[in-house]
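Trainee: Sharing a structure with you now.
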Amino acid sequence: MSRAQNIADKNGCDLGTAQRYLDLLEDGHTRYEASVMSGMRDPDETHYSEPSTTPPGADHGN
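Numbering (UniProt numbering), first residue to last: 1 to 62.
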């Protein structure tokens, strides 16, 4: 069994998606990036409960 086939079986995706994942890893992407970019998984959700604002006169570290 090829590495791509093994990944496809474990992740429930097709062989093309698994091969894109491996290609992205080879190009230097992280496992997370490769899995999202290949379509193997959805990106993690980010929850923003309040808008990020800087009050007037705030110290910006300058």
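Beta carbons: idealized from backbone N, C-alpha and C, even for Gly.
Determine the direct distance from the alpha carbon of A34 to that of Y21, and round the result to whole angstroms.
Mentor: Looking at the two C-alpha atoms, the distance is approximately 5 Å.
Trainee: Answer with buried or exposed for S2, where buried requires no fewer than 16 other C-beta atoms within 10 angstroms of its C-beta.
Mentor: By the neighbour-count rule (16 or more Cβ atoms within 10 Å), S2 is not buried but exposed.
Trainee: Looking only at its chain, what residues have a beta carbon closer than 6 Å to the beta carbon of V36, apart from the 5 residues adjacent to it on each side?
Mentor: Here the set comprises P43.
Trainee: Assuming G28 is part of the alpha helix (DSSP H), what are its boundary residues?
Mentor: Segment: none, G28 is in no alpha helix (DSSP H) and carries neither H nor E.
Trainee: Could you check if L24 is buried or exposed, using at least 16 other CB atoms within 10 Å of its CB as the buried criterion?
Mentor: Result: buried.
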